[in-house]
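Data first, discussion second: the structure below is written as structure tokens.
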């Protein structure tokens with residue numbers, strides 16, 4: 298039997314073929330959150346809690362994203378979803394989550410929502426997580442299964 302990297306199917310691209318470009322989804326969610334906040338603010342926290350909790354959550358998200366990117370680069374892996382995956386990174390934050398960069402995106406949206414004291418961002422973080430799961434993560438997992446077994 299051929300090794301997984303020797304199995305070729307010319308009909309399938311050698312990348313995840315995601316339906317949603319994750320950075321664009323994040324950007325649209327961010328713009329949407331600020332737009333909705335400007336039209337109809339939905340505050341849900343005290344100002345003190347917002348100014349303490351928001352930067353904390355955003356900071357955790359940024360640290361997680363930086364750790365994940367550094368781990369990917371150290372492992373020789375490609376980050377853009379349109380490029381082939383040659384290795385599966387299992388160290389660093391990937392020991393805890395298969396998708397720490399996406400988790401960081403969602404956490405940062407929620408953190409910005411806390412910081413801006415806007416429930417819109419929290420709702421958009423949930424929608425973003427669902428869209429990432431459907432449009433990126435499920436396709437990435439199928440691609441990795443097909444490529445590596």
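In the working numbering, the protein residues as written are 298 to 446. Where is the CB? At the ideal position from N, CA and C, for every residue including glycine.
Expected contact under 8 Å - CB spacing of residue i and residue j to nearest Å
i	j	result
residue 334	residue 415	4 Å
residue 422	residue 365	About 18 Å separates the two Cβ atoms, so there is no contact after all.
residue 426	residue 411	With a Cβ gap of about 16 Å, residue 426 and residue 411 do not count as contacting.
residue 317	residue 433	6 Å
residue 361	residue 397	6 Å
Coil, strand or helix - residue i by DSSP
i	result
residue 407	helix
residue 337	coil
residue 433	helix
residue 326	helix
residue 368	helix
residue 349	helix
residue 378	coil
residue 441	helix
residue 302	Confidence in residue 302 is poor, its pLDDT being 43 and thus under 50, which makes the residue's placement unreliable; the coordinate value appears in the next sentence. Residue 302: helix per DSSP, three-state reduction.
residue 373	coil
residue 418	helix
residue 342	coil
residue 318	coil
residue 447	One cannot answer for residue 447 here, as it falls past the ends of the chain, which runs 298 to 446.
residue 393	coil
Residue closest to residue i, alpha-carbon to alpha-carbon, out of the options
i	options	result
residue 441	408, 393, 381, 390	381
residue 394	355, 316, 368	368
residue 437	407, 321, 385	385
residue 408	319, 363, 352	352
residue 390	417, 410, 359, 377	359
residue 331	434, 435, 347, 418	418
residue 337	329, 343, 344	329
residue 377	445, 435, 444, 320	320
residue 387	379, 399, 373	373
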